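Read in order, the letters of the sequence shown are residues -26 to -1, 1 to 614 in mature numbering (1 follows the signal peptide of the UniProt record, and there is no 0). No residue lacks a Cβ here, since even glycine has one placed at the ideal position from N, Cα and C. Owing to the predicted nature of the structure, the values given are computational and were not obtained by experimental measurement. Working notes, structure below.
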Amino acid sequence: MSFSVRSIIAFWTLSVCLLVHSNTLAQSANLERVVTARFSDASVEEVLSYLSVQGNFKFSYNSSLIDEDKSVELILVNKTIREAIGLLFKGTIRYKVQGQYVILLKAERDPVYISGVVYDAVSGKKLPNVSIYERNSLASTITNQNGYYRIKLNHTKTIFKLSVSSPQYESQTLTIKILQSESKDWALQPKVKQPELPFDDNSPHFPNLIDTIAVPKEVPILVPRVPMTGLLLSEYSVADTTDNIFPIYRKDSNRLFRFWEEIKSRFSRMMIARTQRIHDKNVTDTLSRPFQLSVLPFLGTNKLLSGSIENRVSVNIVMGYSAGVRKMEFGGGLNGVRRNVNGFQFAGVGNIVGKNVTGVQMGGVFNTVLGETQGVAMTLGWNHTWKNMRGLQAAGLINITHKETKGAQLSGVLNVTGKLSKGLQMAPVLNVVLKESKGWQVGLLNFSHKISKGGHQIGFLNFSDSSATAPIGFLSFVGKGNGYKRFEVAIDEIQSANITFKTGVPAFYNILTLGSNFVRAYELVNIGYGFGRAYKLGGRWMMNTDVTGGLMVEYNQYGEVNQGVLWRFDLGFEKFLARNSTLTFGPSIKALVIDPANSSYANGKPFKNMPTYQAIRSTERFTLWYGFQMGLRIKQRYGD
């Protein structure tokens, strides 16, 4: 009988495998041996040595797995060696049998689930939309319509603190030392009294979301979980009735702010996952983490509790959301912070902060702060602060502060302050202060309801209801507070009709004038601009000092046009005749400078016989003389 080489190799291989398997079975059987022992202040090595002798095998392990300084207190009564190993290491070590050895390895634990029902301790009603979270691992979930929850916990910590929170109920916390799957129901006690809402119906205020948003009164609708909401662990969730996670403005009667609230609501639903919004109003604790990294608000290291976590440093790839930032935040797209930012915040698109910013805020398109800004806010688009701004707002387009500005607003188009401005507003197009200005407005158009002492307007057109200082510009319109407005029809020694409009304040007003002499042999037309000052003389008298200059045009007998510049200084006296009308008269000094490039000397000096009497001085290109003016003025119904 002959055997091939292949047959011999197969025979010996099978024999070795059977031998190893038989040894393994023998050692596995040894693990089932029953032992009884008591260990007091023993080391782990002493316990393992005893078990190896009783089981007739040897332990093999990496010394880093064993705490040599650990003192063991262990009582074994009719326990198998397998059970003894479990009691010794409490599930932190796993093992496998190989020949004469039991090899100890680090346990690869499966996650455990804690589930149960949350209900009202008084009424027994099962509570939906209650937050259950573990503050160390940041695991979290919410109850469904039936008050049921299921939360997943991984073996990353030795001690777990499981908390249950809802705005209308007292929060509860359970400390878990041995993690294992179990069922846990919670009976929540209703709060005795709800805190009063910290806002005044007569003034805009942004209270904390936690204090103001209640659980929706509408009956929630059960909807199946979809793949995008796979982070939820319950099989069913409540239909989304939670909207805005940023503080709420209470002036609902104002269309502008109702429109803004709708934008915030839609943005919140787009940017923040529904579960995050529910946690925001449920979780009153502020959790802290030194660093967070996120791709989207619901996909990051802050997990679904991001709206309750303050970070020292925050980095958001596309969009991010957190409770607060204490040092710096960088975002490729949008940064959303529910409460405060202290330090530096940068976003490629925009920043939205629910409360206050102290530091530097930079957004590619916009910055929105629903509280106060103290520092610098810069963007190519618009800056928007709902309360006070102290520092600098610099925007390519628009700066808006709803309450007080103390600092500077610099923009390419528009600056707006809602209540009080104590700094500088500078925009090429428009500056607006809706109530009181104690600072400077510099721009093409300036508007302020009231300009107090220390406030100034410099622009092409200035508008205000009252001004304690003189606005400077081409035209300034001041209302009934202390405005000065006059409409005048007058005659003088060279023109048969002058129409003049004066606007500003008594200390400084602008003058527009149009005159003509249509009865003269050679018709004259004059258009001019100037400024003046009014003085009260007592009784029903006033005095004006006006300086104007403008173009004078003469049409001669040949149809030619002669041009010159007429300068005049008028000293006028004003006598009140009735409530809205005055008589004005007084002397003047006039000077006509002839433009030789636009005048004809073919028939002698242009502007002949002007004035008709002896002038103070007269040359071919210049004439200086005394004159007069007299007319009737219509004044505004208020002020001087």
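The beta carbon of Ser155 sits closer than 6 Å to those of Val86, Tyr87, all from its chain and outside the five residues before and after it, given in chain order. When the beta-carbon positions are compared, Tyr107 and Ser114 come within less than 7 Å of each other. Contact annotation, Ser137 with Thr147: C-beta distance approximately 5 Å; criterion of less than 8 Å satisfied. Check the Cα spacing between Ala297 and each of Gly322, Ile326, Tyr458, Met400: the tightest is with Ile326.
By the CB criterion at 7 Å, Gly397 and Thr379 fall inside the cutoff. DSSP places His423 in the uninterrupted beta strand (DSSP E) bounded by 414 to 425. DSSP lists Ile49 as the beta-bridge partner residues of Arg12. Within 10 angstroms of the beta-carbon of Ser395 lie 16 or more other beta-carbons, which makes it buried.
Here Asn420 has Asn405, Gln431, Gly433, Asn436 as same chain residues with Cβ atoms under 6 Å from its own Cβ, once five neighbours each way along the sequence are excluded. Counted as a single uninterrupted DSSP element, the stretch harbouring Gln383 is not any alpha helix (DSSP H) but the beta strand (DSSP E) occupying residues 378 to 385. A direct Cα-to-Cα measurement between Leu78 and Phe33 gives close to 7 Å. By the Cβ neighbour-count rule, Thr597 is buried, with 16 or more other Cβ atoms within 10 Å of its own. For the region 29 to 108, the full-length alpha helix (DSSP H) segments reaching 4 residues or more read 55 to 63 along the chain. Look at Asp254 here: in three-state DSSP terms it is helix. In the three-state DSSP reduction, Lys609 falls in the strand class (E or B).
Between Met400 and Leu418, the C-beta gap is not smaller than 7 Å, which leaves the two residues out of contact. Tyr503 and Asn536 have their C-alpha atoms spaced approximately 20 Å apart.
Around Arg607, the same chain offers Arg460, Glu462, Thr556, Thr558 as residues with beta carbons nearer than 6 Å, after the five sequence neighbours per side are excluded. Phe318 is the residue among Asn314, Ser282, Phe318, Ile425 whose C-alpha sits nearest the C-alpha of Val289.
Pairing Ser26 with Thr54, the inter-Cα distance amounts to about 12 Å. Comparing alpha carbon positions, the residue from Gly90, Asp259, Ser574, Leu61 closest to Ser145 is Asp259. When Arg12, Arg364, Gln72, Lys80 are compared, the shortest CA-CA separation from Leu50 is found for Arg12. Residue environment for Pro141: buried (at least 16 other C-beta atoms within 10 angstroms of its C-beta). Lys158 and Gly90 do touch by the CB rule: their CB atoms are close to 4 Å apart, below 8 Å. Per the C-alpha coordinates, the member of Ala589, Ser37, Asn583, Gly601 positioned closest to Ile563 is Gly601. Across the structure, Ser268 and Asp254 are spaced so that their CA atoms are roughly 18 Å apart. Annotation for Gly546: Asn518, Thr558, Gly560 place their beta carbon closer than 6 Å to its own, counting only its chain and skipping 5 residues before and after. When DSSP states are grouped into helix, strand and coil, Ala571 belongs to the helix group. Under the three-state reduction of DSSP, Gly455 is assigned to coil, being neither helix nor strand. When the Cα atoms are used, Ser23 and Asn128 turn out to be separated by approximately 32 Å.
Contact between the region 352 to 370 and the region 323 to 339 is present: 3 or more CB-CB pairs across the two stretches fall below 8 Å.
Within a 10 Å sphere around the beta-carbon of Arg514 sit fewer than 16 other beta-carbons, which makes this residue exposed. Distance between Val343 and Ala369, taken at the CA atoms: about 14 Å.
Distance between Gly428 and Gly489, taken at the CA atoms: about 38 Å. By the Cβ test, the region 464 to 471 is not in contact with the region 441 to 456, since fewer than three Cβ pairs between them sit closer than 8 Å. Short of 6 Å from the beta carbon of Asn491, and not among the five residues preceding or following it, lie these beta carbons of its own chain, in chain order: Gln469, Ser470, Leu498.
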